[in-house]
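Numbering (our numbering), first residue to last: 3 to 323.
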Ligand code: UDP
Ligand code: MG
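This is the structure:
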């Protein structure tokens, strides 16, 4: 695997109200990247902060020419900030790291070494995390559900701390879809992927901005962008309901003929469901199946609108003539 002679690594830092963490990050990130012999650039995306985040980024960019910053017009969210950073990256590889030092910058060199060894996507997997218990528990449940639902394998407990080769950056940046669940897209692109286990620390300073609501939103984006199972739910429920209604109708018809069979249970024929109840159940089932059919078409439209390429070729061996 050949990598460029004098590679440039882009480090992308999404920042939202991180004035407390940034001074420490600037120092540790720059020190970590200097311990690596190649060139690097750092791109800070200010995601509509309303504290001194942008002022800090500006002064860092003024002091060090390989540091750059871009500020959003308002808060567009973490995934948007990372996507913007990837679009602005000029490097032969790009790494995404949180501003709050939960992902230790000192680990970056390991990521870069794996890239130079030939991996195109290197992602961090949390060996442990210092987050609050509720958040940890919900994350655990979410990753397990996702594993069952998603149409591709998205490694559990992997966050956004990751390195992408230039070709992967280009593919992800060109995807037109709007709800960007990057951890999913990262798995979806394929190529040679490598997991690196690391210890996720507590925030250096400030507060988490991913509220429970924002995390839930991200989780839903993950499920709906990579699974059509929820769309099929109506179909499954509908068939289930029709089955139950038909079964009940059959049994009650039989039992009406032989009421003696009910006697040992101490029940009379009035205990049987009315034909009206059965009809309601049956037609509710039919309606659900019809909704499921609509859902199938909707799912296909959704896939078309996402416009992900149907395949990505990594290598070709061809006769040059
Ligand atoms: N972040 C962002 N926009 C947001 C929320 C967060 O750019 O709307 C950044 C934040 O500054 C940090 C990273 O995304 O660098 C992760 O956010 P946070 O630490 O709040 O999430 P957690 O680590 O709790 O998942
Ligand atoms: Mg954090």
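Just so it is clear, CB atoms sit at the ideal spot from N, CA and C, and this is done for glycine as well.
In three-state DSSP terms, what is residue i?
{"i": "residue 45", "result": "strand"}
{"i": "residue 73", "result": "strand"}
{"i": "residue 181", "result": "coil"}
{"i": "residue 9", "result": "coil"}
{"i": "residue 26", "result": "helix"}
{"i": "residue 106", "result": "coil"}
{"i": "residue 1", "result": "Since the first residue shown for the chain is 3 and the last is 323, residue 1 is missing from the structure and cannot be characterised."}
{"i": "residue 329", "result": "Because the chain is modelled from 3 through 323, residue 329 falls outside the range shown and cannot be assessed."}
{"i": "residue 155", "result": "coil"}
{"i": "residue 80", "result": "helix"}
{"i": "residue 299", "result": "helix"}
{"i": "residue 294", "result": "helix"}
{"i": "residue 174", "result": "helix"}
{"i": "residue 320", "result": "coil"}
{"i": "residue 253", "result": "helix"}
{"i": "residue 260", "result": "coil"}
{"i": "residue 59", "result": "helix"}
{"i": "residue 53", "result": "coil"}
{"i": "residue 140", "result": "helix"}
{"i": "residue 38", "result": "coil"}
{"i": "residue 66", "result": "coil"}
Bridge partners of residue i, per DSSP?
{"i": "residue 196", "result": "124"}
{"i": "residue 166", "result": "96, 123"}
{"i": "residue 201", "result": "130"}
{"i": "residue 325", "result": "Outside the shown range of the chain (3 to 323) lies residue 325, about which nothing can therefore be said."}
{"i": "residue 160", "result": "127"}
Assuming residue i contacts residue j under a Cβ cut-off of 8 Å, what Cβ separation, rounded to an integer in Å, is found between them?
{"i": "residue 66", "j": "residue 114", "result": "The Cβ separation is near 19 Å, so there is no contact."}
{"i": "residue 71", "j": "residue 60", "result": "6 Å"}
{"i": "residue 14", "j": "residue 40", "result": "The Cβ separation is near 17 Å, so there is no contact."}
{"i": "residue 102", "j": "residue 208", "result": "6 Å"}
{"i": "residue 33", "j": "residue 111", "result": "About 11 Å separates the two Cβ atoms, so there is no contact after all."}
{"i": "residue 50", "j": "residue 75", "result": "7 Å"}
{"i": "residue 55", "j": "residue 108", "result": "That belief does not hold up - the Cβ atoms of residue 55 and residue 108 are roughly 23 Å apart, past 8 Å."}
{"i": "residue 117", "j": "residue 95", "result": "5 Å"}
Does residue i have its Cβ less than 8 Å from a Cβ in chain B?
{"i": "residue 136", "result": "Absent here is chain B; the protein component of the structure consists of one chain."}
_Please output, in chain order, the residues near ligand 1 using a CB cut-off of less than 6 Å to any non-hydrogen atom of the ligand._
16, 17, 18, 20, 49, 77, 79, 80, 83, 100, 101, 102, 104, 210, 211, 212
*When the Cβ atoms of the stretch 219–238 are set against those of the stretch 274–284, are three or more pairs found closer than 8 Å?*
no
*Three or more C-beta pairs closer than 8 Å, one from the stretch 169–189 and one from the stretch 131–140: is that the case here?*
Counting Cβ pairs under 8 Å, fewer than three are found: no touch.
*Could you tell me whether the stretch 234–249 touches the stretch 285–298, where touching means 3 or more Cβ pairs closer than 8 Å?*
The stretch 234–249 is in contact with the stretch 285–298.
*Please determine if the stretch 151–161 and the stretch 180–192 are in contact, where contact requires at least 3 C-beta pairs separated by less than 8 Å.*
yes
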